[in-house]
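Participant:
Number of protein chains: 2
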Amino acid sequence: MTEFAVHHVPTRRRAGRPPQALLSSARITKAALKLVSHHGYKGLTMAALAKSLNVAPSALYNHVSSKQDVLLLVEDHLMGRVEVCAFATEPWDAAVAKWARSYRDVFAAHLPLIPVIALLPVTNAPATVTMYEAVTQGFLAAGWARESIIDAVVALESFIYGSAYDVNAPEDIFDVGSLASEAPDFSAAVAHRGNPDAAAAIPRNDADAAFTLGLQAMIAGLAATAGPRK
Amino acid sequence: MTEFAVHHVPTRRRAGRPPQALLSSARITKAALKLVSHHGYKGLTMAALAKSLNVAPSALYNHVSSKQDVLLLVEDHLMGRVEVCAFATEPWDAAVAKWARSYRDVFAAHLPLIPVIALLPVTNAPATVTMYEAVTQGFLAAGWARESIIDAVVALESFIYGSAYDVNAPEDIFDVGSLASEAPDFSAAVAHRGNPDAAAAIPRNDADAAFTLGLQAMIAGLAATAGPRK
DNA sequence: ACCTGAACACCGTTCAAGT
DNA sequence: ACCTGAACACCGTTCAAGT
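The listed protein sequences derive, respectively, from chains A and B. Residue numbering for the first sequence follows this note's numbering, starting at 61 and increasing by one per position. Residue numbering for the second sequence follows this note's numbering, starting at 61 and increasing by one per position.
Written out as structure tokens, the structure is:
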């Protein structure tokens with residue numbers, strides 16, 4: 061050992077230049093979205109996610125603390141696709157309708173995220189907060205009282221989440237099968253859903269019809285009971 | 061070996077007397093409910109369910125085809141706890157409100173069943189069909205057109221499912237944390253939710269407030285747009 | 001027909017060890 | 001700080017074998 065060797069500085073990075081990590085929140089989010097779009101949420105496992113990033117599964121835990129964390133990253137990314145632009149240009153009721161429909165459409169394709177949105181704090185979800193800010197401003201601009209806005213938004217969101225499930229319901233969800241005789245009125249209502257005369261079988265999107273009906277009802281009802289004083 | 065032994069009839073059951081099985085749908089449902097009430101849905105595993113019935117896990121598959129099947133059994137049992145009696149005695153809007161609130165309360169305590177209700181056909185769910193029959197009769201008695209009833213019920217259910225999630229949301233779900241400066245209007249709306257003056261901090265159930273607001277709005281809106289002609 | 005025991009093909013997560 | 005490899009403690013489900 062020479063004295064020189066003692067003073068030898070081993071492979072050392074220049075100050076202010078952190079090591080180039082293989083992973084990052086952005087790369088994880090992107091890989092997760094790609095995995096989901098190709099194989100659905102059943103294909104989104106920590107092992108598959110790691111593989112798609114050419115990394116060991118345990119490496120993911122240096123950047124997220126759990127799979128829930130990955131889902132939150134994906135959720136926040138998708139929240140950026142919810143349309144809030146109408147709140148700046150259109151009347152309140154039209155803007156709410158546009159926002160609600162795009163919100164439903166985005167998460168109808170990502171059902172497993174609904175418990176995540178509905179139950180996880182918005183802290184560390186910047187795009188989600190941005191969405192809420194735009195919505196709140198739209199309500200304020202329409203003359204809503206500050207103290208009523210969150211309740212109204214939560215009520216609308218509840219309807220939106222439930223409607224996102226309904227988009228994915230099978231066509232025959234209300235087929236009573238052998239129980240028909242015990243539920244004649246319900247069976248008839250199901251058979252005649254949307255068309256007064258049984259003969260005409262018009263092609264129809266049942267989920268859209270229910271969503272439009274409920275959305276119009278809630279918007280009208282909110283405007284009448286909690287909206288701005290005329 | 062004697063001739064007698066050859067003719068010996070081994071333990072044989074009398075005709076028309078099926079063997080007394082250890083398991084049945086009713087026993088499985090009951091055990092599952094008990095497991096959930098004590099340990100939550102994370103405690104409802106096929107292994108735990110089998111153990112509580114003193115049976116091997118594989119034995120369950122002689123009576124249900126999957127865990128989804130167990131969840132459907134539990135769901136249908138719980139649907140019997142949803143109150144439909146008001147449809148026979150009270151005016152339509154009051155009856156709907158009572159039904160919706162009990163529906164929300166039942167499944168707020170059973171969130172993992174919501175995807176099951178929302179996505180699985182009602183075939184083989186007799187209590188669920190019975191519930192729908194009573195609701196349909198209530199709508200018919202109030203003068204609703206047959207072709208609009210299912211859409212209205214689906215819209216109400218969507219709101220109910222989303223509201224069940226909201227009951228379980230943490231108090232701080234809208235805490236923006238360090239993002240407050242980027243969402244001033246939203247932050248203020250959250251801070252003043254329910255109370256006009258910031259000083260008074262009245263105890264308040266936020267989920268109930270949003271549910272009541274949304275339910276009143278939707279009921280009023282439905283009555284105005286799709287209800288019976290006056 | 002109904003149940004057991006063993007096995008299968010997965011999960012998410014942890015942790016000592018390396019750089 | 002970040003990654004690997006191996007292990008852990010589970011899951012739901014299947015299936016040959018028994019009665």
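The beta carbon of each residue, even a glycine, is placed where N, CA and C say it ideally should be. Note that the structure is predicted; figures quoted are calculated from it, not measured.
1) Using alpha carbons as the reference points, say which of M139/B, I209/B and P230/B lies closest to D266/A.
2) Here's a check: name, in chain order, each residue in its chain whose Cβ is nearer than 6 Å to the Cβ of V236/A, leaving out the five neighbours to either side.
3) Would you say G237/A lies against chain B (beta-carbon separation less than 9 Å)?
4) At what residues does the alpha helix (DSSP H) containing I88/B begin and finish?
5) Any beta carbon of chain B sitting closer than 9 Å to that of R206/A?
6) Determine contact between the region 135–143 of chain B and the region 152–164 of chain B, defined as no fewer than three beta-carbon pairs at a distance below 8 Å.
7) To the nearest angstrom, how far is it from the Cα of G203/B to the Cα of T285/A?
8) Can you give, in chain order, each stretch of the alpha helix (DSSP H) that sits fully within the region 114–174 of chain B and has at least 4 residues?
9) Note down the Cα distance separating I279/A from I88/B, rounded to an integer number of angstroms.
10) Determine the closest residue to A168/A out of P151/A, S118/A and F271/A, with distance taken between C-alpha atoms.
11) Do three or more CB pairs link the region 187–194 of chain A to the region 219–235 of chain A at distances below 8 Å?
12) Can F147/A and A201/A be called in contact, C-beta distance under 9 Å?
13) Could you tell me which of H123/A, A240/A, V96/A and M139/A sits nearest to F185/A, measuring between CA atoms?
14) Looking only at its own chain, which residues have a Cβ that is under 7 Å from the Cβ of G281/A, when we skip the five neighbours before and after it?
15) So with CB distances below 8 Å, who are the chain A contacts of E242/B?
16) Helix, strand or coil, according to DSSP, for P244/A in the structure here?
17) Taking 9 Å as the threshold (C-beta atoms), are L120/B and V134/B in contact?
18) With burial defined as no fewer than 16 other Cβ atoms inside 10 Å of the residue's Cβ, what is the status of S125/A: buried or exposed?
19) Can you tell me whether DSSP reads G203/A as helix, strand or coil?
20) Going by beta carbon distance, what residues of the same chain come within less than 7 Å of A154/A, once the five residues before and after it are set aside?
Facilitator: Reading it off the structure:
1) I209/B
2) A243 and S247
3) Yes, G237/A lies at the interface with chain B (some Cβ there is under 9 Å from its Cβ).
4) S85 to H99
5) yes
6) yes
7) 24 Å
8) 127–139, 146–149 and 152–168
9) The straight-line gap separating the alpha-carbon atoms of I279/A and I88/B is approximately 44 Å.
10) F271/A
11) no
12) yes
13) Phe is not the amino acid found at residue 185/A; the sequence shown has Ala there. Checked all of H123/A, A240/A, V96/A and M139/A; the closest Cα to A185/A is M139/A.
14) If the five residues before and after G281/A are omitted, its C-beta is found closer than 7 Å to no C-beta atom of its own chain.
15) P186, V189, T190 and E193
16) helix
17) no
18) Exposed, by the Cβ-count rule.
19) coil
20) A146
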